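A.B. asks: Residue numbers (our numbering): 21 to 104. Yeah, the Cβ is synthetic: ideal placement off N, Cα and C, and Gly gets one too. The structure displayed is predicted, hence computed values, not measured ones.
(1) What residue ranges within the region 44-80 form continuous alpha helix (DSSP H) runs of no fewer than 4 residues, ordered along the chain?
(2) Work out the CA separation of residue 73 and residue 63 for me, nearest whole Å.
(3) Tell me the DSSP secondary structure of residue 26 in three-state form.
(4) Where does residue 34 sit, in a helix, a strand or coil, going by DSSP?
(5) Rounded to a whole number of angstroms, what is the C-alpha to C-alpha distance between residue 85 and residue 98?
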């Protein structure tokens with residue numbers, strides 16, 4: 021994550037394929053008030069294609085998703101933010 025910090029500042033949330041609640045990703049997302057899903061084993065990142073796959077669903081750079089960090093759910097599209 022230290023190498024990705026400039027990108028983390030630009031995003032509205034974070035999904036990682038590994039890490040736990042004490043990981044740098046988790047601490048950074050929490051400090052910045054961004055939703056975060058950690059240790060998403062279904063996430064496969066394809067940097068060279070600028071896309072990722074989650075449970076067989078291909079997401080390309082710029083696609084909108086919504087993250088429910090508390091429940092660990094990822095939704096296609098943009099949903100309104102609700103306070104917990």
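C.D. replies: So, from the data block:
(1) 44-52
(2) Taking the first residue of the chain shown as 1, we reach residue 63 at position 43. Taking the first residue of the chain shown as 1, we reach residue 73 at position 53. The alpha-carbon atoms of residue 63 and residue 73 are separated by roughly 6 Å.
(3) Walking along the chain shown from the start, residue 26 turns up at place 6. Residue 26 falls in the helix class under three-state DSSP.
(4) Translated into positions along the chain shown, residue 34 becomes position 14. Looking at residue 34 - three-state DSSP - the assignment turns out to be strand.
(5) Counting from one through the chain shown, the residue named residue 85 turns up at place 65. Counting from one through the chain shown, the residue named residue 98 turns up at place 78. Cα-Cα distance, rounded: 6 Å.
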